[in-house]
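S.K.: I have a structure I would like to understand better, so I am pasting it below and will then ask my questions one at a time.
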DNA sequence: CTGAAAGCGCTAACAC
DNA sequence: GTGTTAGCGCTTTCAG
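Chains as they are written, first to last, in the numbering used here: chain F, 60 to 430; chain U, 60 to 430.
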């Protein structure tokens with residue numbers, strides 16, 4: 060009878076908020092030491108079957124649940140990875156998040172998920188919070204803003220994480236420079252865009268509208284670059300009026316497309332910066348009575364589910380989203396293990412992209428459209 | 060010079076994996092005690108401006124990041140909530156998850172997210188893991204399986220969580236009974252389904268196909284129940300051939316619909332158990348040359364984005380998904396605070412649903428369809 | 001195979 | 001205002 064507190068009943072929760080059972084309680088009830096209890100839990104050390112049985116029984120009857128904080132404090136990894144996206148609802152991020160979550164789970168880890176809603180400050184704050192929790196890795200997903208002080212802050216966080224043996228993973232965004240310890244998992248934005256525009260050109264298009272993609276975002280910048288390169292390579296002159304950057308949103312795609320149609324801007328194909336924008340554009344086209352692909356070709360980027368839901372089904376670029384998520388945690392977790400390796404802390408994995416040809420592209424009509 | 064270890068350089072991370080700075084280091088460098096450092100961090104106690112400045116400078120130069128585990132162990136809440144869904148990609152869960160994440164963030168907490176992929180065992184394991192991390196609340200989302208031992212296990216976990224002052228939140232799934240300490244946030248599955256079928260009947264439909272929804276899932280069960288009640292109320296006899304439960308998947312909707320069409324089963328409207336199933340059915344209908352809504356009416360459930368992407372746009376039932384997520388954490392977090400209240404640990408909040416009428420329903424054609 | 005005891009890093013009384 | 005100190009619950013040598 061040497062139990063410390065004796066507030067009310069045991070653990071059969073009546074009103075909640077009691078003191079939880081600890082290893083000490085379990086040890087006492089089982090008549091062993093706390094070391095033995097620990098050994099039973101972690102099954103990392105031989106324990107007599109009978110003893111084990113008694114301990115397990117004690118744990119059960121006390122409703123004992125190990126305290127991960129205490130365990131982490133005692134030197135065991137917290138078995139946590141963090142992922143920061145701008146928006147969970149967006150399939151682009153959701154698929155990557157799924158990859159991260161699955162890989163984490165497969166590695167017996169739990170996943171902290173945060174949404175920045177596009178706010179870089181929030182992003183920095185989340186990294187900090189995850190570091191406080193000693194996440195084994197922090198995965199940052201999606202295009203980043205091109206701001207110097209922001210990048211400097213990010214670099215600082217990356218170094219702090221690294222100094223603690225953790226890792227910042229840049230997933231689908233550019234490196235912070237060779238002197239900043241991060242790992243990266245990228246996909247070929249520029250190349251995919253190049254291929255897509257080239258596909259359009261091959262079909263005979265010359266006047267291609269590039270629609271959407273925030274100018275400040277690296278992802279958008281690279282896609283536009285690929286588009287331009289394709290144009291250039293084919294000797295097609297760039298027309299500023301045909302470059303209409305903007306939000307990565309359905310609303311933007313719809314609105315801007317409707318305006319352009321109304322203004323009578325001349326083009327025979329639309330390269331939407333992503334599938335969401337394409338969905339908006341498709342609606343505007345439909346409402347304006349412009350048929351896809353007969354009167355107008357339309358392509359997107361990402362190959363998220365809407366691409367197949369649209370009619371006609373959208374030609375787009377497929378990105379190995381879930382695989383990127385998986386690799387992000389894999390790379391981060393295996394990268395730091397090997398001590399004898401050199402210190403290529405800034406290794407970047409690049410995954411391929413490829414066009415998925417569906418039904419939204421056709422050769423341009425002869426002569427003027429709507430003619 | 061009384062620093063303990065002196066392994067290589069300071070914290071300017073060169074190769075990663077060094078010992079991290081602790082309060083002791085900060086205190087030493089700033090020439091104060093650890094208590095003061097703590098006070099500076101938590102800003103919950105007066106500290107001289109000059110002192111504060113010195114401490115903050117020390118933290119900065121050491122790249123100090125507080126250890127959340129130690130803090131949690133010392134008695135402060137871990138500021139974490141957990142959410143368990145079957146699949147992050149599914150918009151239904153994604154929207155709820157977004158609500159949970161936002162409410163958590165607003166309350167200065169981080170969010171652990173896990174996906175069960177429909178496996179109840181995994182679900183139980185995740186609850187345990189979150190409990191180990193001392194999550195302030197664990198939100199369980201979506202329909203649950205009707206299995207006795209599973210429910211018993213769930214109840215045990217709920218009690219353990221409750222005993223520790225935490226809370227299990229049942230979001231969109233039935234209570235485990237009044238003796239199990241959980242809180243619930245529900246929406247009216249039965250009522251929404253009732254309204255939907257009633258809407259169809261009002262339009263003149265009599266032979267309504269009910270498609271999809273795993274028979275074992277509470278959500279599906281309730282929707283079917285609402286459908287049946289509407290039929291009954293209007294004195295329409297139930298035809299077993301018109302009840303085709305199945306997965307909550309697009310593939311099921313497509314396949315089953317195609318089969319039924321091929322078999323020539325007679326009906327004038329389809330009540331898909333959710334929008335995803337409706338999307339699959341829509342495709343089958345389209346491929347079979349059956350026009351919606353002229354030849355066939357179609358309705359779904361959930362009002363996720365696809366509903367507006369389909370052509371014609373889908374009439375469906377709107378559920379306040381994000382709000383449910385928010386309420387889930389709010390209810391869990393405020394519930395246990397008040398000590399003087401009675402112990403209505405099993406309080407359930409019920410949110411309303413309502414039909415969103417769009418373009419996929421019309422009166423049935425006179426006489427036989429396709430006639 | 002099992003026990004005793006020293007921390008892990010932080011917070012919160014309690015003194016000064 | 002600031003310092004001292006006693007834990008929080010667990011793991012892990014080091015001894016039996």
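Glycine is no exception: its CB is placed at the ideal position from the N, C-alpha and C atoms.
1. Just checking: is the beta-carbon of residue 355 of chain U within a distance shorter than 9 Å of some beta-carbon in chain F?
2. In whole angstroms, give me the CA-to-CA distance for residue 167 of chain U and residue 138 of chain U.
3. Give the range of the beta strand (DSSP E) segment to which residue 209 of chain F is assigned.
4. With DSSP as the reference, label residue 326 of chain F as helix, strand or coil.
5. Spell out a yes or no on whether the segment 346-364 of chain U and the segment 222-229 of chain U are touching, meaning 3 or more CB-CB pairs, one atom from each, closer than 8 Å.
6. For residue 303 of chain F, which beta-bridge partners are listed by DSSP?
7. When we look at the beta-carbon of residue 208 of chain U and count the other beta-carbons within 10 Å, is it buried (16 or more) or exposed?
8. Any idea which residues DSSP pairs residue 368 of chain F with across the strands?
9. Please report the distance separating the alpha-carbon of residue 162 of chain F from that of residue 142 of chain F.
10. Ignore the nearest five residues each way along the sequence and tell me which others in residue 301 of chain U's own chain have a CB closer than 8 Å to its CB.
11. So residue 128 of chain U is in the alpha helix (DSSP H); what residue range does that whole segment cover?
12. Tell me, please, whether the segment 139-159 of chain U touches the segment 200-219 of chain F by the rule of three or more beta-carbon pairs shorter than 8 Å.
13. Would you report the Cα separation of residue 511 of chain F and residue 192 of chain F, rounded to the nearest angstrom?
14. Is residue 418 of chain F close to chain U? Criterion is C-beta to C-beta, closer than 9 Å.
15. Look at the Cβ atom of residue 100 of chain F, then the Cβ atom of residue 135 of chain F, and state whether they are nearer than 9 Å.
16. DSSP state of residue 264 of chain U, grouped into three classes?
17. Between residue 399 of chain F and residue 78 of chain U, what straight-line distance do the alpha-carbon atoms span, to the nearest angstrom?
18. Tell me the rounded alpha-carbon separation between residue 308 of chain U and residue 406 of chain F.
19. For chain F, check one thing: does any of its Cβ atoms lie closer than 9 Å to the Cβ of residue 190 of chain U?
20. In this structure, does DSSP put residue 120 of chain F in helix, strand or coil?
21. Could you say if the segment 78-89 of chain F and the segment 102-117 of chain F meet the contact criterion of at least three C-beta pairs nearer than 8 Å?
22. Go ahead and pull the three-state DSSP assignment for residue 79 of chain F.
23. From residue 310 of chain U to residue 303 of chain F, what distance separates their C-alpha atoms?
24. Closer than 6 Å by C-beta to residue 418 of chain U: which residues in its own chain qualify, once you throw out the five before and the five after it? Chain order, please.
25. Ignore the nearest five residues each way along the sequence and tell me which others in residue 111 of chain U's own chain have a CB closer than 8 Å to its CB.
26. Roughly how many angstroms separate the alpha carbons of residue 345 of chain U and residue 140 of chain F, rounded to a whole number?
27. Would a check of beta-carbon distances place residue 185 of chain F closer than 9 Å to chain U?
28. Tell me the rounded alpha-carbon separation between residue 187 of chain F and residue 249 of chain U.
29. So which residues of chain U does residue 368 of chain F contact, with C-beta pairs closer than 8 Å?
30. CB residue 365 of chain U to CB residue 335 of chain U, shorter than 9 Å?
31. From the beta carbon of residue 137 of chain F, is the nearest beta carbon of chain U less than 9 Å away?
32. I want to verify the contact list: residues of chain F whose CB lies under 8 Å from the CB of residue 170 of chain U, in sequence order.
33. May I have a chain-ordered list of the alpha helix (DSSP H) segments no shorter than 4 residues that lie completely inside the segment 132-216 of chain F?
34. Quick one: Cα of residue 190 of chain F to Cα of residue 369 of chain U, how far?
35. Can you give the beta carbon distance from residue 226 of chain F to residue 244 of chain F, rounded, assuming they're within the 8 Å contact cut?
36. Comparing the C-beta of residue 125 of chain U with each C-beta of chain F, is any distance below 9 Å?
M.R.: The short version:
1. Indexing the second chain from 1 puts residue 355 of chain U at position 296. By this cut-off, residue 355 of chain U is not an interface position.
2. Here residue 167 of chain U is taken as the residue at index 108 of the second chain, counted from 1. Here residue 138 of chain U is taken as the residue at index 79 of the second chain, counted from 1. About 7 Å.
3. For the purposes of this step, residue 209 of chain F is taken as the residue at position 150 of the first chain. Premise fails: residue 209 of chain F lies in the alpha helix (DSSP H), 207-222, not in any beta strand (DSSP E).
4. To locate residue 326 of chain F, count along the first chain from 1; it is residue 267. Secondary structure at residue 326 of chain F: coil, using DSSP grouped into helix, strand and coil.
5. no
6. Numbered from 1 along the first chain, position 244 holds the residue referred to as residue 303 of chain F. Listed as beta-bridge partners of residue 303 of chain F by DSSP are F/270.
7. Numbered from its first residue, the second chain carries residue 208 of chain U at position 149. Note on residue 208 of chain U: under 16 other CB atoms within 10 angstroms of its CB, so exposed under the neighbour-count rule.
8. Taking the first residue of the first chain as 1, we reach residue 368 of chain F at position 309. None; residue 368 of chain F has no bridge partner.
9. Counting from one through the first chain, the residue named residue 162 of chain F turns up at place 103. Counting from one through the first chain, the residue named residue 142 of chain F turns up at place 83. Between residue 162 of chain F and residue 142 of chain F, the alpha-carbon positions lie close to 12 Å from each other.
10. Along the second chain, one-based indexing puts residue 301 of chain U at 242. Contacts found: 266, 267, 268, 269, 324, 326.
11. Within the second chain, the letter at position 69 stands for residue 128 of chain U. First-last of the alpha helix (DSSP H) with residue 128 of chain U: 127-132.
12. no
13. The structure shown does not extend to residue 511 of chain F, since chain F spans only 60 to 430, so no value can be given for it.
14. Here residue 418 of chain F refers to the residue found at position 359 when the first chain is read from its first residue. Closer than 9 Å: no.
15. Residue numbering aside, residue 100 of chain F sits at position 41 when the first chain is read from its first letter. Residue numbering aside, residue 135 of chain F sits at position 76 when the first chain is read from its first letter. No, they are not a contact pair.
16. Here residue 264 of chain U corresponds to residue number 205 of the second chain, with the count starting at 1. In this structure, residue 264 of chain U counts as coil in the three-state DSSP scheme.
17. By one-based count along the first chain, residue 399 of chain F stands at place 340. By one-based count along the second chain, residue 78 of chain U stands at place 19. Per-residue confidence for residue 399 of chain F stands at a pLDDT of 39, beneath the threshold of 50, marking its modelled position as unreliable; no derived number is given.
18. Here residue 308 of chain U refers to the residue found at position 249 when the second chain is read from its first residue. Here residue 406 of chain F refers to the residue found at position 347 when the first chain is read from its first residue. Residue 308 of chain U and residue 406 of chain F: Cα-Cα distance of roughly 39 Å.
19. As a first step, residue 190 of chain U is located in the second chain; it is residue number 131 there, counting from the start. Judged by the 9 Å Cβ criterion, residue 190 of chain U is in contact with chain F.
20. On the first chain, residue 120 of chain F is found 61 positions in, with the first residue counted as 1. In the structure shown, residue 120 of chain F sits in a helix (DSSP, three-state: H, G or I).
21. yes
22. Start at 1 with the first residue of the first chain, and residue 79 of chain F comes out as number 20. Correct three-state label for residue 79 of chain F: coil.
23. Working through the second chain from its first residue, we reach residue 310 of chain U at position 251. Working through the first chain from its first residue, we reach residue 303 of chain F at position 244. Spanning the two alpha carbons is a distance of roughly 37 Å.
24. The residue labelled residue 418 of chain U in the question sits at position 359 within the second chain. Same-chain partners within the cutoff: 371, 372.
25. For the purposes of this step, residue 111 of chain U is taken as the residue at position 52 of the second chain. Excluding sequence neighbours, residue 111 of chain U sits near 99.
26. Taking the second chain and counting its residues from 1, one reaches residue 345 of chain U at position 286. Taking the first chain and counting its residues from 1, one reaches residue 140 of chain F at position 81. Going from the Cα of residue 345 of chain U to the Cα of residue 140 of chain F covers about 44 Å.
27. On the first chain, residue 185 of chain F is found 126 positions in, with the first residue counted as 1. So, interface residue.
28. By 1-based counting over the first chain, the position of residue 187 of chain F is 128. By 1-based counting over the second chain, the position of residue 249 of chain U is 190. Going by the C-alpha atoms only, they are around 44 Å apart.
29. Here the question's residue 368 of chain F lines up with position 309 in the first chain. Result: 338, 365, 368, 369.
30. On the second chain, position 306 is the one that residue 365 of chain U refers to. On the second chain, position 276 is the one that residue 335 of chain U refers to. Yes, the pair counts as a contact, with Cβ atoms nearer than the cut-off.
31. Walking along the first chain from the start, residue 137 of chain F turns up at place 78. Yes, because at least one Cβ of chain U sits closer than 9 Å to the Cβ of residue 137 of chain F.
32. In the second chain, residue 170 of chain U corresponds to position 111, counting from 1. Under the 8 Å cutoff, chain F gives 171, 172, 173.
33. 150-165, 179-191
34. For the purposes of this step, residue 190 of chain F is taken as residue 131 along the first chain, with counting starting at 1. For the purposes of this step, residue 369 of chain U is taken as residue 310 along the second chain, with counting starting at 1. Rounded to the nearest angstrom, the two C-alpha atoms are 43 Å apart.
35. If you number the first chain from 1, residue 226 of chain F lands on position 167. If you number the first chain from 1, residue 244 of chain F lands on position 185. 12 Å between Cβ atoms; not a contact.
36. On the second chain, residue 125 of chain U is found 66 positions in, with the first residue counted as 1. It does: the Cβ of residue 125 of chain U has a partner Cβ on chain F nearer than 9 Å.
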